[in-house]
Amino acid sequence: MKVKLLACVILALFLAGCATSKGEVAASEADKLNMRVSELESEVQLKDMEIQRLQEEMKSAQTAEAQKVEPAEEKNVAANWTPKQLQTALKNAGFYNGEIDGSIGKTTRSAIKEFQKANDLHADGIVGKRTWAQLKKHL
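Mapped onto mature numbering (1 follows the signal peptide of the UniProt record, and there is no 0), the consecutive letters of the sequence shown carry residue numbers -21 to -1, 1 to 118.
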């Protein structure tokens, strides 16, 4: 009987010790998980800041690109021509082989520069008054 009682006491102490160590392990794991969550939240915050910075850079680049295009469009209006007239004149002069679509793209800009070089004009791809004065002869 004493042996059974001793075994029960030892078993009770063992189980009580296991419960305490299990609780400590659970608390330790919870602490580790909380630390990992904090690390991940910090990483997300850094990524959000990076995204915001990149969006601002993209806006700046788009604004800069729009500013590059605007002066050329203003000169086009001042020179009093349309993109289709420009393409027609370039085609008639033998510098443009593309479709006359009214869109000033790479092919049209390249043709403008070639025309300007051939006519001793500043080859910048912008059709100002001097370039248009030479081009409109080919309409």
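Cβ atoms here follow ideal geometry from the backbone N, Cα and C, with glycine treated the same way.
Out of the options, which has the shortest C-alpha to C-alpha gap to residue i?
i: Thr67; options: Lys116, Asp10, Arg109; result: Lys116
i: Gly73; options: Trp60, Asn98, Asp80, Thr61; result: Asn98
i: Ile83; options: Gly77, Pro62, Phe94, Lys96; result: Pro62
Over what stretch of residues does the alpha helix (DSSP H) that includes residue i continue unbroken?
i: Phe94; result: 85 to 97
i: Leu69; result: 62 to 71
With DSSP collapsed to three states, give me the class of residue i.
i: Ala112; result: helix
i: Ile79; result: coil
i: Ala40; result: helix
i: Ala102; result: coil
i: Asn13; result: helix
i: Leu33; result: helix
i: Leu118; result: coil
Against chain C, does residue i count as a neighbour if the rule is that its beta carbon must be under 8 angstroms from one of theirs?
i: Ser39; result: No chain C is part of this structure, which consists of one protein chain only.
Rounded to whole angstroms, what is the Cα-Cα separation between residue i and residue j?
i: Lys(-18); j: Ile(-12); result: 10 angstroms
i: Met14; j: Thr42; result: 42 angstroms
i: Arg32; j: Val16; result: 24 angstroms
i: Leu12; j: Glu22; result: 15 angstroms
i: Glu18; j: Val4; result: 21 angstroms
i: Glu20; j: Met28; result: 12 angstroms
i: Gly104; j: Gln64; result: 16 angstroms
i: Glu35; j: Lys96; result: 39 angstroms
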